[in-house]
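Chains as they are written, first to last, in the numbering used here: chain A, 1 to 344; chain B, 1001 to 1344.
Each residue gets a CB set at the ideal place from its N, CA and C atoms; glycine is no exception.
Bear in mind that the values here come from a model prediction, so they are computed numbers and not experimental data.
There are 2 protein chains.
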Amino acid sequence: MSKRITIKQIAAALHVSISTVSKALNDSYEISSETKRKIKEYAKKHKYKPNTLALSLQNKKTKTIGIIIPDILNHFFARVFSGIEKVATQKGYNMITCITNESYHKEVTTMEMLDNGSIDGFIACISEETLNLEKFEHFNRIIDNKTPLVLYDRVHKSIDCDKVVIDNIKSAYKATRYLMRYGCKNIAFISSIEGLNVGKFRAEGYKKALTKYGVKVDEKLTIRLTKKEELTNKINEMLDYKLVDGIFTVDESSAAIAIQVLNSRGLSVPDDVAIIGFTNGILSKHITPPLTTVNQFGTKIGEIAASRLIDKIEGKIDFDDNKTEIIRTELIERSSTKKAFIKF
Amino acid sequence: MSKRITIKQIAAALHVSISTVSKALNDSYEISSETKRKIKEYAKKHKYKPNTLALSLQNKKTKTIGIIIPDILNHFFARVFSGIEKVATQKGYNMITCITNESYHKEVTTMEMLDNGSIDGFIACISEETLNLEKFEHFNRIIDNKTPLVLYDRVHKSIDCDKVVIDNIKSAYKATRYLMRYGCKNIAFISSIEGLNVGKFRAEGYKKALTKYGVKVDEKLTIRLTKKEELTNKINEMLDYKLVDGIFTVDESSAAIAIQVLNSRGLSVPDDVAIIGFTNGILSKHITPPLTTVNQFGTKIGEIAASRLIDKIEGKIDFDDNKTEIIRTELIERSSTKKAFIKF
DNA sequence: ATGAAAGCGCTAACAA
DNA sequence: TTGTTAGCGCTTTCAT
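If you want it as structure tokens, here you go:
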């Protein structure tokens, strides 16, 4: 019914010029307070709202940022997203969201499409497929266009931009070390994200810890898959080969599956086997036993990424001044590593 | 570096008029194929991409929809979101997302802000606070502005628009009936979402089932909270009062918490107590024992909502032709209700 | 203190 | 077949 009103209509109604209205609404010193009053009053009465599109077209700023998320069902990404949204809202930015579902093609087309003035900058996480194809030209094109870009979580050295990540190697190292200090002699490694560089880094951290403490890496105790399908079988096979007393899984659901397999074999967590997971999601808190896990501070990652991007957009930071922020992780101790006795 | 090129620049470079370029690029029959060729070639070479903003300003269509989500960390909403995104992408729409965090104020301000031409329509889920305040004028204002609106999951009768929901009463009724048929004599009801109308409906369905089968409703067996904080205590109190043999929880984490409480009292699920949850999220599959649960088909809800909205936007459906789609639910049977013997 | 006019990038009705 | 012009809603010189 009420359909929005324009500056032009206000001008006509009040018998003044369009520019007078514009200036009045923007509190220009040029306009008499009396005219301002009248105009503002009329505007308010008729619920005048400036047309964002016209504004954006004018000043080449949309106050909108593009968010690229590989998989919104992943709780970690949902956390990052909520961090981004918090800062974006606070600073008056809207978000256009694209879920790539780990597809290279989707990633390329949406980013190309958005990078024509629709958004002021991107916050993106590289999709699995892109990572495997190692094709990053679309990101570099974005950068060439002088569109600010912040990459989070999964990054790549051939893209020169702001980055917000965690130290995967170190985090995995510490988790593994924790298990060793806890007394575990045979520690397995389980990953269902071998397709991601972060997955590989975590494997690296695991090996590094073992080596550092003089334990030989037994490849038969490392399960490195790119998806979850075969997981149950592989874990069973591994347990047939050797009965481990500690497991480090690189994602949450792998830990849940490991627990189920162990239980089905009559083994108890943590009494027979201690487990540490990665990513402190909903599962970690609620499975039985609650999972000791590496917390990634997803919300924090999102917040930092958004702040950085907006600072770039608003020129508070020079476009070429790129930085890689490493967000700390923490080990949250829960019952999956709570034996009554703790050897060394 | 390459900064985007405009139609005007193409025109200048090729010594033709702006409109010729525009027409050529849009494959107008008015332009000679030779000129078209030249123009398109030049455009491609210089990576011309039309400015969406200018287009939107022109034809008053943004090809963008606004998505209002109360809480993105809630897996059900993440599912709905992914359903929306699937259809939106497929039909060439972008999404501007707003997470209200259950806040009335956030909901009002974002929707007001977006409803000025920035988006072509809304898909929204009413926030908890809004529901409690019972203030829905902002939705009606949207509708008055002739902006298409589709509400999902949490709706209200005083807002006259398209809706996509589930039948909460019926779903709860069936879940409760399942427990009775399964042999449960004392069935408890646990809710931590009493602040939502959907929560109340589910309680209603529970009672309806009991009554229908001649079981008297014992209020002391119903726990109806608006948050999760006190849950563990309340469940313990309830179990002190009476040892139930069946529990119907209206959300997923309540079920997980109930299982933890039962286990801590030395009770086993499903042998001592059978449990059915609501919303088939990540938890349901992975907790021990896996949870029998009412699946809500979140993705489907999102898809239907998006299709409906886009049909409205594109005028395939009359603006005032509102419809409420009721998406069926299903009971997924898992181990939390798998006693060896089944009476009745 | 107010207004006319140009322009942001593009489309479309109308001329030529 | 091509070009001129006006206009989408708004800002911003530059007159007046």
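Name the chain B residues that come within less than 7 Å of Glu85 (chain A), Cβ to Cβ? Ile1099, listed in chain order.
Candidates A:Tyr178, A:Lys174, A:Phe77: which alpha carbon is nearest Arg202 (chain A)'s? Ranking A:Tyr178, A:Lys174, A:Phe77 by CA distance to the CA of Arg202 (chain A) puts A:Lys174 first.
Between Val1261 (chain B) and Phe1278 (chain B), is the Cβ-Cβ spacing less than 8 Å? In this structure, Val1261 (chain B) lies away from Phe1278 (chain B), with their beta-carbon atoms at least 8 Å apart.
Return the chain-ordered list of same chain residues with a C-beta closer than 6 Å to the C-beta of Thr1110 (chain B), the five sequence neighbours on each side being excluded. Result list for Thr1110 (chain B): Cys1098, in chain order.
Tell me the DSSP secondary structure of Val250 (chain A) in three-state form. Residue state, collapsed to three classes: coil.
Any beta strand (DSSP E) of 3 or more consecutive residues that is wholly inside the segment 88-163 of chain A: Secondary structure within the segment 88-163 of chain A: the beta strand (DSSP E) runs of 3 or more consecutive residues, fully enclosed, are 94-99, 121-124, 149-152 (chain order).
Taking Met1180 (chain B) as the reference, which of B:Ile1275, B:Lys1038, B:Ile1123 has the closest Cα? Closest option to Met1180 (chain B), Cα to Cα, is B:Ile1275.
Over what stretch of residues does the alpha helix (DSSP H) that includes Ile1235 (chain B) continue unbroken? For Ile1235 (chain B), the enclosing alpha helix (DSSP H) stretches over residues 1231-1241.
Compute the beta-carbon to beta-carbon distance between Ala305 (chain A) and Ile187 (chain A), rounded to the nearest angstrom, for a pair I have assumed lies under 8 Å. Between Ile187 (chain A) and Ala305 (chain A) the Cβ distance is about 33 Å, and since that is not below 8 Å, they are no contact.
Check whether the Cβ atoms of Asn145 (chain A) and Lys1163 (chain B) lie closer than 8 Å to each other. Not a contact, by the Cβ cut-off of 8 Å.
Backbone CA spacing between Leu291 (chain A) and Ala1078 (chain B) [nearest angstrom]: Straight across, the Cα-Cα distance linking Leu291 (chain A) with Ala1078 (chain B) is about 23 Å.
Hey, quick one: how far does the beta strand (DSSP E) through Ser1191 (chain B) stretch, first residue to last? For Ser1191 (chain B), the enclosing beta strand (DSSP E) covers residues 1187-1191.
Indicate whether Phe1081 (chain B) and Gly1302 (chain B) have their beta-carbon atoms separated by less than 8 Å. Result yes, Cβ atoms of Phe1081 (chain B) and Gly1302 (chain B) sit closer than 8 Å.
Which residues does DSSP pair with Phe278 (chain A) in a beta bridge? Partner(s): A:Val294.
Report the rounded CA-to-CA distance for Lys1118 (chain B) versus His15 (chain A), giving the unit in angstroms. Residue 1118 (chain B) is actually Ser in this sequence, not Lys. Cα-Cα distance, rounded: 29 Å.
Using CA atoms only, rank isn't needed, just tell me which of B:Thr1062, B:Ile1018, B:Ala1054 is closest to Ile1310 (chain B). The shortest C-alpha to C-alpha distance from Ile1310 (chain B) to any of B:Thr1062, B:Ile1018, B:Ala1054 is the one to B:Thr1062.
Closer than 8 Å to chain B by CB, Ala78 (chain A): Cβ-Cβ to chain B under 8 Å: yes for Ala78 (chain A).
Contact between the segment 1034-1047 of chain B and the segment 1227-1246 of chain B: three or more CB pairs below 8 Å? Segments in contact, no.
In three-state DSSP terms, what is Leu1196 (chain B)? Coil.
Apart from the five residues just before and just after Asn51 (chain A), which ones in its own chain have a Cβ nearer than 8 Å to its Cβ? Close CB contacts of Asn51 (chain A) within its chain, under the 8 Å cut and outside five residues either way in sequence, are with Arg4, Thr6 (chain order).
Are the beta-carbon atoms of Lys312 (chain A) and Gly121 (chain A) separated by less than 8 Å? Going by C-beta atoms, Lys312 (chain A) is nearer than 8 Å to Gly121 (chain A).
In chain order, what residues of the segment 1251-1263 of chain B put their CB closer than 8 Å to some CB of chain A? Correct list: Ser1253, Ala1256, Ile1257, Ile1259, Gln1260, Asn1263.
Identify each residue in the segment 1104-1136 of chain B for which the Cβ-Cβ distance to at least one residue of chain A is less than 7 Å, and report them in chain order. Per Cβ criterion, the list reads Asn1116, Gly1117, Ser1118.
Whether Thr67 (chain A) touches Asn1094 (chain B) by CB criterion (8 Å): A quick correction: the sequence has Ile, not Thr, at residue 67 (chain A). No. Outside cutoff.
Where DSSP assigns a beta bridge to Arg1224 (chain B), which residues make up the other side? For Arg1224 (chain B), which the question treats as bridged, DSSP gives the partners B:Ser1191.
Hey, Asn1322 (chain B) and Cys1125 (chain B): beta-carbon distance below 8 Å or not? No. Outside cutoff.
With 16 as the cutoff for other CB atoms within 10 Å, does His105 (chain A) come out buried or exposed? By the neighbour-count definition (other C-beta atoms within 10 Å, threshold 16), His105 (chain A) is an exposed residue.
Ala43 (chain A) beta carbon less than 8 Å from that of Ile10 (chain A): It is a contact, given that the beta carbons lie within the stated cut-off.
Find the nearest neighbour of Asn1236 (chain B) within the set B:Glu1129, B:Glu1252, B:Gly1266, judged by alpha-carbon distance. When each option's Cα is compared against that of Asn1236 (chain B), the closest is B:Gly1266.
Counting C-beta neighbours from all protein chains within 10 Å, is the total for Asn1059 (chain B) 16 or more, i.e. buried, or is it exposed? Exposed, because fewer than 16 other Cβ atoms sit within 10 Å of the Cβ of Asn1059 (chain B).
Hey, how far is the Cα of Ser19 (chain A) from the Cα of Ile31 (chain A)? Between Ser19 (chain A) and Ile31 (chain A), the C-alpha separation is close to 10 Å.
Interface residues of chain A facing Lys1234 (chain B) [CB-CB closer than 9 Å]: Residues of chain A passing the Cβ test: none, with the nearest at roughly 17 Å.
is_contact[Thr1288 (chain B), chain A] using C-beta, thresh 8 Å: Taking a beta-carbon distance threshold of 8 Å, Thr1288 (chain B) counts as an interface residue toward chain A.
Short CB-CB distance (under 8 Å) between Asn1094 (chain B) and chain A: Yes, contact with chain A.
Take Ser335 (chain A) and list the residues in its own chain whose beta-carbon comes closer than 7 Å to its own, dropping the five residues that flank it on each side. Sequence-distant Cβ neighbours of Ser335 (chain A) in its own chain, meaning closer than 7 Å and more than five residues away, are Pro270, Pro289, Pro290.
For a contact defined as C-beta to C-beta under 9 Å, what are the partners of Arg1004 (chain B) on chain A? Proximity of chain A to Arg1004 (chain B) at the Cβ level (cut-off 9 Å) is accounted for by Asp115, Asn116, Gly117, Asn145, in chain order.
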